[in-house]
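For the sequence shown, our numbering begins at 116 and goes up steadily by one.
Here the structure comes first, spelled out in structure tokens, and everything after it is commentary.
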Amino acid sequence: MGDHEEVSSLRSVVVIEESETDRNEVFFDTKNDTTFFRDEFVFLIRNGEYPGYDIRMINGIETPVSKPDKVLSNNLC
116 MGDHEEVSSL RSVVVIEESE TDRNEVFFDT KNDTTFFRDE FVFLIRNGEY
166 PGYDIRMING IETPVSKPDK VLSNNLC
């Protein structure tokens, strides 16, 4: 399995709600049937529970992002 496939297989989260400024705020894990808010997802990523994701500081707010790869279809959206 190549690096792209390993990262892609770790991604199971989709965005289900955005703020008025288009910030991803509510997420759904399709594998675990779990919904969580941005701050909860940040906490889980920090604890290593979602290795396919990183945290970026965007306009002073910690924001979950997909780890980069060459496949656009598996980005958070």
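Ideal Cβ placement from N, Cα and C applies to all residues, glycine included.
Only a predicted model underlies this, so the values are computations on that prediction, with no experimental measurement involved.
Buried/exposed call for residue i, threshold 16 Cβ in 10 Å
i    : result
F152 : exposed
N147 : exposed
V128 : buried
I160 : buried
Cβ shell of residue i (< 6 Å), same chain only, five flanking positions each side left out
i    : result
D144 : S127, V128
Own chain residues within Cβ distance below 7 Å of residue i, not counting five before or after
i    : result
E133 : N139, E140
K182 : V122, G167, Y168, D169
R171 : T178, V180
Same chain, Cβ closer than 8 Å to residue i, five either side skipped, listed in chain order
i    : result
I131 : V141, F142, F143, T150
Cβ distance (whole Å) where residue i is taken to contact residue j below 8 Å
i    : j    : result
V196 : E177 : This structure cannot settle anything about residue 196, because the visible part of the chain is limited to 116 through 192.
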